[in-house]
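Student: Below is a structure I'd like to ask you about.
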Amino acid sequence: GENVEQHPSTLSVQEGDSAVIKCTYSDSASNYFPWYKQELGKRPQLIIDIRSNVGEKKDQRIAVTLNKTAKHFSLHITETQPEDSAVYFCAASYNNNDMRFGAGTRLTVKP
Amino acid sequence: EAGVAQSPRYKIIEKRQSVAFWCNPISGHATLYWYQQILGQGPKLLIQFQNNGVVDDSQLPKDRFSAERLKGVDSTLKIQPAKLEDSAVYLCASSNRQGSSYEQYFGPGTRLTVT
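Protein chains in written order, with my numbering: chain A, -14 to 96; chain B, 179 to 293.
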């Protein structure tokens, strides 16, 4: 089955700086790569996703890039704000089936 | 629209006891997922239903865990007997592919503590 690795496990940035979280996956058949944000004690919520037929997707301060050849994808958050502080999970699947999540990155944005 | 509902929100049991969790997905969502999230880890898929059929249960410990979605709507997940390592948050999610959307909507979870 699919295996997703996520780095770093913790990330601390200054407000206004950028944050980058990287993930690799093992199954070349995977074609759907979502990113979820989970605040303490709350449920995961989708923030952005990308399909394998696209190399990059952007939504305001958040962007995701995908390199299918290398089997890795990254989350980029620009102009970070304290409310971006949370745990971020990457995931990979084939058509949203058998979703496998990374171990998570705890992002802290210092004011 | 109403979100994914789960109950109970919290449950404390002793090891070797049984427990059941209930999930009601968003109306019209054909796909339902059960995840186990151990503290400090990412969600781990236990079972995925498409309507009332199982799509994937490769990571479900079938000697003690079972799940059903008899009418293709709500679902129950059962653990019998529970072990200490089953302490986790059990998340239910649902999705319904519309256009290019694959979003999984998560419920609030059930926090299980096994003592």
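The C-beta atom is built at its ideal place from N, Cα and C for all residues, glycine as well.
If we cut at 8 Å on Cβ distances, does glycine 285 of chain B have a partner in chain A?
Tutor: Here residue 285 of chain B is taken as the residue at index 107 of the second sequence, counted from 1. Glycine 285 of chain B counts as touching chain A.
Student: So which residues on chain B does arginine 46 of chain A lean against when the C-beta distance must stay under 7 Å?
Tutor: The residue you call residue 46 of chain A lines up with position 61 of the first sequence. Chain B residues near arginine 46 of chain A: none, gap ~19 Å exceeds 7 Å.
Student: For serine 185 of chain B, return the contacting residues in chain A, with the cut-off set at a CB-CB distance below 7 Å.
Tutor: Here residue 185 of chain B corresponds to residue number 7 of the second sequence, with the count starting at 1. Within chain A, no residue comes near serine 185 of chain B; the closest Cβ sits about 14 Å away, beyond 7 Å.
Student: To the nearest angstrom, how far is the alpha carbon of threonine 54 of chain A from that of alanine 14 of chain A?
Tutor: In the first sequence, counting from the first residue as 1, residue 54 of chain A sits at position 69. In the first sequence, counting from the first residue as 1, residue 14 of chain A sits at position 29. Rounded to the nearest angstrom, the two C-alpha atoms are 12 Å apart.
Student: Report yes or no: is there a C-beta of chain A within less than 8 Å of the C-beta of glutamine 219 of chain B?
Tutor: Along the second sequence, read from residue 1 onward, the residue named residue 219 of chain B stands at position 41. Taking Cβ atoms only, chain A reaches closer than 8 Å to glutamine 219 of chain B, which makes this a yes.
Student: Just how far apart, CA to CA, sit glutamine 184 of chain B and tyrosine 283 of chain B?
Tutor: Locating residue 184 of chain B in the second sequence gives position 6, counting from the first residue. Locating residue 283 of chain B in the second sequence gives position 105, counting from the first residue. Between glutamine 184 of chain B and tyrosine 283 of chain B, the C-alpha separation is close to 12 Å.
Student: Helix, strand or coil for leucine 25 of chain A per DSSP?
Tutor: What you label residue 25 of chain A is simply residue 40 of the first sequence in a count that begins at 1. Coil.
Student: Would aspartate 252 of chain B count as contacting chain A if we go by Cβ distances under 8 Å?
Tutor: On the second sequence, residue 252 of chain B is found 74 positions in, with the first residue counted as 1. False, the Cβ-Cβ gap to chain A never drops below 8 Å.
Student: Looking only at C-alpha atoms, which of B:Ser272, B:Gly218, B:Gly220, B:Leu223 sits nearest to serine 253 of chain B?
Tutor: Here residue 253 of chain B is taken as the residue at index 75 of the second sequence, counted from 1. Of the candidates B:Ser272, B:Gly218, B:Gly220, B:Leu223, the one whose C-alpha sits nearest the C-alpha of serine 253 of chain B is B:Ser272.
Student: Taking only beta-carbon atoms, is serine 29 of chain A less than 8 Å away from chain B?
Tutor: Along the first sequence, one-based indexing puts residue 29 of chain A at 44. Here residue 29 of chain A is proline; the residue named in the question, serine, does not match the sequence. It does; some Cβ of chain B falls within 8 Å.
Student: Buried or exposed: where does asparagine 81 of chain A fall if 16 or more other Cβ atoms within 10 Å of its Cβ makes it buried?
Tutor: Counting from 1 along the first sequence, the entry for residue 81 of chain A is found at position 96. Label assigned to asparagine 81 of chain A: buried.
Student: Ordered along the chain, which non-local residues of its own chain (more than five positions away) have a Cβ less than 7 Å from that of proline 19 of chain A?
Tutor: Position 34 of the first sequence holds residue 19 of chain A. Result list for proline 19 of chain A: Leu31, Asp34, Ala76, in chain order.
Student: DSSP puts isoleucine 47 of chain A in a beta bridge; with which residues?
Tutor: The residue labelled residue 47 of chain A in the question sits at position 62 within the first sequence. Looking at the DSSP assignment, isoleucine 47 of chain A forms a beta bridge with A:Asp44, A:Ile62.
Student: Taking any Cβ of chain A, which residues in the segment 229 to 240 of chain B have a Cβ under 9 Å from it, in chain order?
Tutor: Here the close residues are Val233, Asp234, Ser236, Gln237.
Student: Determine the DSSP secondary structure at glutamate 263 of chain B, reduced to helix, strand or coil.
Tutor: Position 85 of the second sequence, counted from the start, is the residue given in the question as residue 263 of chain B. The answer is helix: DSSP assigns glutamate 263 of chain B an H, G or I state.
Student: For serine 37 of chain A and asparagine 52 of chain A, I'd like the C-alpha separation in whole angstroms.
Tutor: By one-based count along the first sequence, residue 37 of chain A stands at place 52. By one-based count along the first sequence, residue 52 of chain A stands at place 67. Roughly 9 Å between the two C-alpha positions.
Student: Measuring CA to CA, which of A:Val49, A:Tyr21, A:Gly40, A:His57 is closest to glycine 89 of chain A?
Tutor: Numbered from 1 along the first sequence, position 104 holds the residue referred to as residue 89 of chain A. The shortest C-alpha separation from glycine 89 of chain A is found at A:Tyr21.
Student: Taking Cβ positions only, does glycine 40 of chain A come closer than 8 Å to chain B?
Tutor: Here residue 40 of chain A refers to the residue found at position 55 of the first sequence. No, its Cβ sits nowhere closer than 8 Å to a Cβ of chain B.
Student: Identify whether aspartate 69 of chain A lies in helix, strand or coil by the three-state DSSP scheme.
Tutor: Along the first sequence, read from residue 1 onward, the residue named residue 69 of chain A stands at position 84. Helix at aspartate 69 of chain A.
Student: What is the rounded straight-line gap between the Cα of tyrosine 280 of chain B and the Cα of glutamate 192 of chain B?
Tutor: Taking the first residue of the second sequence as position 1, residue 280 of chain B is located at position 102. Taking the first residue of the second sequence as position 1, residue 192 of chain B is located at position 14. Taking the straight line from one Cα to the other gives about 38 Å.
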